[in-house]
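This is the structure:
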């Protein structure tokens, strides 16, 4: 792994459609962008922010996500999440995350991810299921 740069950022975008509405994913009954989908998009942005720094076989796993979802987004708009690295402590990486829909910021918060060896992590997870 290369040293992760504070301030490094990544983005991820999705167009709001039937597949990511609250009423479709079970997080509510309204035809608006679902909070769990916003959370997922923020995690994708964080993964994209650190991807250039990872060596082969390394990945990150989410360990904490504290967010607010402050505005409803209807179908047809594109939501873009941005994650910026704010701190690195050993293998723990902290991010400030936001999501916007072209009208305004719809959510923000903090996120933490942990650097792991993908194969070792997967094997450990499998053993839990045995």
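In our numbering, the protein residues as written are 115 to 244. Even glycine gets a Cβ: it sits at the ideal position worked out from N, Cα and C.
Do residue 195 and residue 162 have their CB atoms nearer than 7 angstroms? The Cβ atoms of residue 195 and residue 162 do not sit closer than 7 angstroms to each other.
Where residue 242 sits in the DSSP three-state scheme: Three-state result, residue 242: helix.
Coil, strand or helix - residue 144 by DSSP: Look at residue 144 here: in three-state DSSP terms it is coil, with no helix or strand label.
What would DSSP say about residue 169, mapped onto helix, strand or coil? Correct three-state label for residue 169: coil.
For a test of the three-state rule: what should DSSP assign to residue 136, helix, strand or coil? Residue 136: helix per DSSP, three-state reduction.
Per the DSSP calculation, residue 213 is bridged to which residue(s)? Here residue 213 is bridged, per DSSP, to 195, 221.
Just to confirm the assignment, what range does the alpha helix (DSSP H) spanning residue 128 have? Annotation for residue 128: no alpha helix (DSSP H) segment contains it, though the beta strand (DSSP E) segment containing it runs 123-129.
Among 116, 135, 175, which one has its Cα closest to the Cα of residue 169? Cα-wise, what sits closest to residue 169 is 116.
According to DSSP, is residue 157 part of a helix, a strand, or is it coil? Here DSSP, grouped into helix, strand and coil, assigns residue 157 to helix.
Classify residue 236 as helix, strand or coil using the three-state DSSP reduction. Residue 236 falls in the helix class under three-state DSSP.
Expected contact under 8 angstroms - CB spacing of residue 137 and residue 145 to nearest Å: Rounded, the Cβ-Cβ distance is 6 angstroms, consistent with contact.
Cβ-Cβ separation, residue 213 to residue 132 (assumed contact under 8 angstroms), whole Å: The Cβ separation is near 19 angstroms, so there is no contact.
Answer yes or no: do residue 160 and residue 227 have a C-beta to C-beta separation smaller than 7 angstroms? Yes, Cβ-Cβ distance for residue 160 and residue 227 is below 7 angstroms.
Once you ignore the five residues that flank residue 219 on each side, which residues in its own chain have a CB closer than 8 angstroms to its CB? The residues are 184, 185, 212, 213.
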